[in-house]
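Peer 1: Handing you this structure, nothing more for now.
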Amino acid sequence: MDFKKRGNKLVAAALCAALVFTMNGAFPVGAAKTTDERKLEDQIANYEKILNEKANDISQKEEYNKTLDAQIAVMNEKIDADQAKINALNNEISAKNAQIAELEAQINAKQEDIDAKNADIAYKEEEKQKTVDQLKERIRASYMAGQTSTLEMLLSSEDFGKFLSNYEYMKRITTHDRKLAETYMRQVQELETARAEVEQAKSEQEDERASMQQSIQEVETKKAELTETQQGQQATRSSLQQKLKDNNRELGQMNQEYEASLEELKSMQADLEQMSRESMNSTPPANSSSNTNSGGNTGGDSSNNGSSGGNNSGGSNNDNTSSQPSGGGNNGNNNSGNSNSYGFVWPVPGHTYISQGYKGLAHTGIDIPAPVNTPIVAVKAGVVKEAYPNGRTDGNGWWTYGKYLIIDHGNGELSLYAHCNSLNVSVGQQVSQGQKIAGVGNTGNSFGNHLHIELYRNGGRVDPQSYLR
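Shown next as structure tokens:
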């Protein structure tokens, strides 16, 4: 249920009800109020007050709803923004995990190379050990044999050929020993180089793995912080949503109570109007010599300079004391289609009861209730200045009139007809006095089918009763 739109409509209805149900305008002229009627008036006034309070409460609830909606929208934006960041971090973590997997594959490949190097190192160690053993054996043998000089070798030889043979043998032994020593030194160097390469490869792998794990840890930390923040935001949003739900439930209950009170008020108003009619039927009409309608429209209007026609009270009867119920005597009032001394005719022929009188800014015209589509006629000839067959929504409160039109009668006189069910004329159209221009309706800020008519003279509003009666 859209409580906002519905609540606004109810508030408008409350304001309208406060106008339509004003009791000073609910009674025709000359009706004596009974005790029951006065009690009912008091009850209605109290109900109007209650309705206004309920309408204000509903408006406050609706404003609170707007505030909650705005706060929830802000939280949703924050949650979405943080979720986008979390998604980006998840993507970054996935990318880094892929890099780690690739690094692990490289490490495994390097490990195979390291294993091969270690196997080679082991082989070289064995070869080195063999060389060491050979060197040890040669050193021991040389020590046991003692040192033999070239002269000794010559003197001990049987002949020179034997000497040359012995000398060549000694040279070979010396060369072999030297090669053994060189082989040993080379093997030692190769082992040191191989071990250094293996250690460097292992160190590089460990550094890369550590760096990648640290990077992932940093991303995981950011993700954890964002997740915690998001959880807090979600909790706040849940709290706001619960408040909104509770407020909507209370608003629904308030609307139901308001509607119930409104129906009760309508029932009480109907009872009061029935009492008023019964009271009028039991009250004898005033005779022609009474002060109430002593001079008819012509004398009354001219002597009171714009006061209610034929009423010598000078217009001091709370704005609508000159209203007459439908079916009552005309008593000089214009209901037959003939214009009065001001040149006006009654706008709703056959329906003269006024449910709400003119009250200046509080109520800028008079209300004449009648069934839907009852003909509304032009009070005087003129040109249609404005016509809104679909209502008007351009601000300044004009929407409250619903479907309405304005006729320019010339000489600074204008008439406005509001809450119509339909319009029969358009802008710029010339209309004659008494011509049907619209049908009675209940559009705009209205509470039941009626015509709201306003008169303007010389740029200002005037009391229509003073000129139409």
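Residue numbers (mature numbering (1 follows the signal peptide of the UniProt record, and there is no 0)): -31 to -1, 1 to 438. C-beta atoms are modelled at their ideal positions from N, C-alpha and C, and glycine is treated no differently.
Taking the straight line between their C-alpha atoms, what separation do you get for residue 10 and residue 24?
Peer 2: To locate residue 10, count along the sequence shown from 1; it is residue 41. To locate residue 24, count along the sequence shown from 1; it is residue 55. Distance between the alpha carbons of residue 10 and residue 24 is about 21 Å.
Peer 1: Is it true that the CB of residue 349 sits closer than 8 Å to the CB of residue 377?
Peer 2: For the purposes of this step, residue 377 is taken as the residue at position 408 of the sequence shown. For the purposes of this step, residue 349 is taken as the residue at position 380 of the sequence shown. In this structure, residue 349 does not lie closer than 8 Å to residue 377 by Cβ.
Peer 1: Report all residues from its chain with a CB closer than 8 Å to the CB of residue 55; omit the five preceding and five following residues, and keep chain order.
Peer 2: Taking the sequence shown and counting its residues from 1, the one referred to as residue 55 is at position 86. Around residue 55: 192, 195, 196 and 199.
Peer 1: Cα-Cα, which of 379, 396, 386 and 389 is closest to residue 426?
Peer 2: Looking up residue 426 in the sequence shown gives position 457. Nearest of 379, 396, 386 and 389 to residue 426, Cα basis: 379.
Peer 1: Please determine if the region 225 to 238 and the region 35 to 46 are in contact, where contact requires at least 3 C-beta pairs separated by less than 8 Å.
Peer 2: These segments do not touch.
Peer 1: Between residue 346 and residue 316, how many whole angstroms is the CB-CB distance? I'm expecting something under 8 Å.
Peer 2: Within the sequence shown, residue 346 is the residue found at index 377, counting from 1. Within the sequence shown, residue 316 is the residue found at index 347, counting from 1. Contact flag correct, Cβ pair sits at about 6 Å.
Peer 1: CA-CA distance, residue 401 and residue 326?
Peer 2: For this step, residue 401 is matched to residue 432 along the sequence shown. For this step, residue 326 is matched to residue 357 along the sequence shown. Cα-Cα distance, rounded: 26 Å.
Peer 1: Assuming contact is defined by CB atoms lying nearer than 8 Å, are residue 216 and residue 37 in contact in what I supplied?
Peer 2: The residue labelled residue 216 in the question sits at position 247 within the sequence shown. The residue labelled residue 37 in the question sits at position 68 within the sequence shown. Yes. Within cutoff.
Peer 1: Find the nearest neighbour of residue 311 within the set 434, 331, 57 and 78, judged by alpha-carbon distance.
Peer 2: For the purposes of this step, residue 311 is taken as the residue at position 342 of the sequence shown. Considering only alpha carbons, the answer is 434.
Peer 1: Based on Cα-Cα distance, which residue from 321, 152 and 46 lies nearest to residue 93?
Peer 2: As a working note, residue 93 is residue 124 in the sequence shown. Residue 152 is the option with its Cα nearest to residue 93.
Peer 1: Nearest-angstrom Cα distance between residue 429 and residue 214?
Peer 2: Taking the first residue of the sequence shown as 1, we reach residue 429 at position 460. Taking the first residue of the sequence shown as 1, we reach residue 214 at position 245. Cα to Cα, residue 429 sits roughly 49 Å from residue 214.
Peer 1: Counting only the same chain and skipping the five closest in sequence on each side, list residues whose C-beta sits under 6 Å from that of residue 421.
Peer 2: For the purposes of this step, residue 421 is identified with residue 452 of the sequence shown, where counting begins at 1. Closer than 6 Å at Cβ, skipping near neighbours: 334, 336, 387 and 388.
Peer 1: Residue 436: buried (16+ other C-beta within 10 angstroms of its C-beta) or exposed?
Peer 2: Counted from its first residue, the sequence shown places residue 436 at position 467. The residue is buried, with at least 16 neighbouring Cβ atoms inside 10 Å.
Peer 1: Keeping to the same chain, check which residues put their C-beta closer than 6 Å to that of residue 385; ignore five residues upstream and five downstream.
Peer 2: The sequence position of residue 385 within the sequence shown is 416, counting from 1. Counting only Cβ-Cβ distances below 6 Å, and skipping sequence neighbours, we find 375 and 423.
Peer 1: Mapping DSSP to helix, strand and coil, what is residue 227?
Peer 2: Counted from its first residue, the sequence shown places residue 227 at position 258. DSSP places residue 227 in helix when its eight states are reduced to three.
Peer 1: In this structure, does DSSP put residue 323 in helix, strand or coil?
Peer 2: On the sequence shown, residue 323 is found 354 positions in, with the first residue counted as 1. Note: residue 323 maps to coil in three-state DSSP.
Peer 1: Ordered along the chain, which non-local residues of its own chain (more than five positions away) have a Cβ less than 7 Å from that of residue 395?
Peer 2: Here residue 395 refers to the residue found at position 426 of the sequence shown. For residue 395, where only same-chain residues beyond five positions count, the Cβ hits under 7 Å are 353 and 356.
Peer 1: Going straight from the alpha carbon of residue 224 to that of residue 184, what length do you get?
Peer 2: For the purposes of this step, residue 224 is taken as the residue at position 255 of the sequence shown. For the purposes of this step, residue 184 is taken as the residue at position 215 of the sequence shown. Roughly 59 Å between the two C-alpha positions.
Peer 1: What's the gap between the Cα of residue 393 and the Cα of residue 407?
Peer 2: One-based indexing of the sequence shown puts residue 393 at position 424. One-based indexing of the sequence shown puts residue 407 at position 438. Looking at the two C-alpha atoms, the distance is approximately 5 Å.
Peer 1: Could you compute how far the alpha carbon of residue 158 sits from the alpha carbon of residue 76?
Peer 2: Stepping through the sequence shown from its first residue, residue 158 is reached at position 189. Stepping through the sequence shown from its first residue, residue 76 is reached at position 107. The straight-line gap from Cα to Cα measures roughly 26 Å.
Peer 1: Hey, residue 314 and residue 413: beta-carbon distance below 8 Å or not?
Peer 2: Translated into positions along the sequence shown, residue 314 becomes position 345. Translated into positions along the sequence shown, residue 413 becomes position 444. No; because the gap between Cβ atoms is not below 8 Å, this pair is not in contact.
Peer 1: List the residues that DSSP assigns as beta-bridge partners of residue 425.
Peer 2: Counting from 1 along the sequence shown, the entry for residue 425 is found at position 456. Bridge partners of residue 425: 383 and 430.
Peer 1: Spell out a yes or no on whether the region 170 to 178 and the region 63 to 82 are touching, meaning 3 or more CB-CB pairs, one atom from each, closer than 8 Å.
Peer 2: Segments in contact, yes.
Peer 1: Check residue 328 in the structure and name its three-state DSSP category.
Peer 2: Within the sequence shown, numbered from 1, the residue matching residue 328 stands at position 359. In this structure, residue 328 counts as coil in the three-state DSSP scheme.
Peer 1: Taking residue 95 as the reference, give the member of 47, 156, 170 and 67 with the closest Cα.
Peer 2: As a working note, residue 95 is residue 126 in the sequence shown. The shortest C-alpha separation from residue 95 is found at 156.
Peer 1: Could you have a look at residue 88 and say whether DSSP puts it in helix, strand or coil?
Peer 2: Taking the sequence shown and counting its residues from 1, one reaches residue 88 at position 119. Three-state result, residue 88: helix.
Peer 1: What ranges does the alpha helix (DSSP H) occupy inside the region 141 to 224, keeping only unbroken runs of at least 4 residues that lie completely in it?
Peer 2: List check, alpha helix (DSSP H) in window: nothing returned.
Peer 1: Tell me the rounded alpha-carbon separation between residue 331 and residue 205.
Peer 2: Here residue 331 refers to the residue found at position 362 of the sequence shown. Here residue 205 refers to the residue found at position 236 of the sequence shown. Those two C-alpha atoms are separated by around 46 Å.
Peer 1: Under the three-state reduction of DSSP, which class applies to residue 373: helix, strand or coil?
Peer 2: Here residue 373 refers to the residue found at position 404 when the sequence shown is read from its first residue. Note: residue 373 maps to strand in three-state DSSP.
Peer 1: Hey, does residue 24 have any beta-carbon neighbour from chain D nearer than 8 Å?
Peer 2: Chain labels in this structure do not include chain D; a single protein chain is all it has.
Peer 1: Find out if the Cβ-Cβ distance for the pair residue 51, residue 202 is shorter than 8 Å.
Peer 2: Here residue 51 corresponds to residue number 82 of the sequence shown, with the count starting at 1. Here residue 202 corresponds to residue number 233 of the sequence shown, with the count starting at 1. Cβ atoms of residue 51 and residue 202: closer than 8 Å.
Peer 1: Are the beta-carbon atoms of residue 62 and residue 164 separated by less than 8 Å?
Peer 2: If you number the sequence shown from 1, residue 62 lands on position 93. If you number the sequence shown from 1, residue 164 lands on position 195. Contact flag unset, no.
Peer 1: The beta strand (DSSP E) that contains residue 354, what's its start and end?
Peer 2: In the sequence shown, counting from the first residue as 1, residue 354 sits at position 385. Its beta strand (DSSP E) spans residues 351 to 357.
Peer 1: I need the boundaries of the beta strand (DSSP E) containing residue 408, first residue and last residue.
Peer 2: By one-based count along the sequence shown, residue 408 stands at place 439. Taken as a continuous stretch (DSSP letters only), the beta strand (DSSP E) holding residue 408 covers 405 to 408.
Peer 1: Using the Cα positions of residue 432 and residue 328, report the straight-line distance between them to the nearest angstrom.
Peer 2: The residue labelled residue 432 in the question sits at position 463 within the sequence shown. The residue labelled residue 328 in the question sits at position 359 within the sequence shown. Approximately 8 Å between the Cα atoms of the pair.
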